[in-house]
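In UniProt numbering, the protein residues as written are 1 to 206.
Below is one structure; the comments refer to it alone.
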């Protein structure tokens, strides 16, 4: 979706999905990564998170887990959480209910998690219901950084974090080759800014 925050109407269509997790006591933020794991980017992200003592939730593409199981194990071993992002990064709007559910199920064989994020946020209402019936918790977002966009400069990606983050925000970055240039600039600066602003980083709850 080519916007930084999902529109209110879209949120209303999926009231049982998780868009934001506000803490009444602390300023919290939920750092998430989509589309990995890949050896070119994910280990760098993990090292950076280690440096700042920050944990995150990784929504993994099943085929990438199949190709790079050692990188996936690193994510788990470092105490981060993982979620299902389908096996082939399928957009729900473009595929039948059966094909989409089968693809999510294929990913679930490799990704032991009840968390699910639809690629691009594209999900039909019936797809959403069936996923929830299967035990998934649908995790959307409050802020997408658009680090993947060739129309966004690294500085603009960082400004998206600073402009839109609020208590309970679920932030989306991408540990992908497409996002790598923007990610390497924006992620460390975003973490430093969030820590300076008093945010606590939390894992997306199961």
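For each residue, glycine too, the CB sits at the ideal point set by N, CA and C.
Problem - Beta bridge counterpart(s) of residue 138 as assigned by DSSP - result: 116
Exercise for the section: Give the C-beta separation of residue 201 and residue 29 to the nearest angstrom, bearing in mind that I take them to be a contact with Cβ-Cβ under 8 Å. Expected result: 6 Å
Handout entry: Contact the segment 6-16 vs the segment 152-159: 3+ CB pairs below 8 Å
Key = no
Practice task
Taking residue 81 as part of the beta strand (DSSP E), name the residues at either end of that continuous run.
Solution key: 81-84
Practice task
Compare the Cα-Cα distances from residue 41 to each of 187, 175, 52 and report the closest residue.
Solution key: 175
Exercise for the section: Put residue 148 into one of helix, strand or coil per three-state DSSP. Expected result: coil
Exercise for the section: Take residue 189 and list the residues in its own chain whose beta-carbon comes closer than 8 Å to its own, dropping the five residues that flank it on each side. Expected result: 158
Handout entry: residue 170 and residue 21 closer than 8 Å at C-beta
Key = yes
Exercise for the section: Write down every uninterrupted run of the alpha helix (DSSP H) in the segment 5-59 whose length is 4 residues or greater and which is fully enclosed by it, in chain order. Expected result: 8-13, 42-52
Practice task
Identify whether residue 1 lies in helix, strand or coil by the three-state DSSP scheme.
Solution key: Low confidence applies here, because residue 1 scores a pLDDT of 42, under 50, leaving its location unreliable and the question unanswered by this model.
Exercise for the section: Look at the alpha carbon of residue 64 and the alpha carbon of residue 193, and state the distance between them as a whole number of angstroms. Expected result: 31 Å
Handout entry: Close Cβ partners of residue 168 (< 8 Å) along its chain, the five nearest in sequence each way excluded
Key = 20, 21, 22, 23, 28, 29, 30, 142
Exercise for the section: Go ahead and pull the three-state DSSP assignment for residue 161. Expected result: helix
Problem - Alpha-carbon spacing of residue 186 relative to residue 147, whole angstroms - result: 8 Å
Practice task
Under 8 Å by Cβ, that's how I've got residue 285 and residue 113 pegged, so tell me the actual separation to the nearest angstrom.
Solution key: Not covered by the structure: residue 285. The range shown for the chain is 1 to 206.
Practice task
May I ask which residues mark the beginning and end of the beta strand (DSSP E) holding residue 171?
Solution key: 169-174
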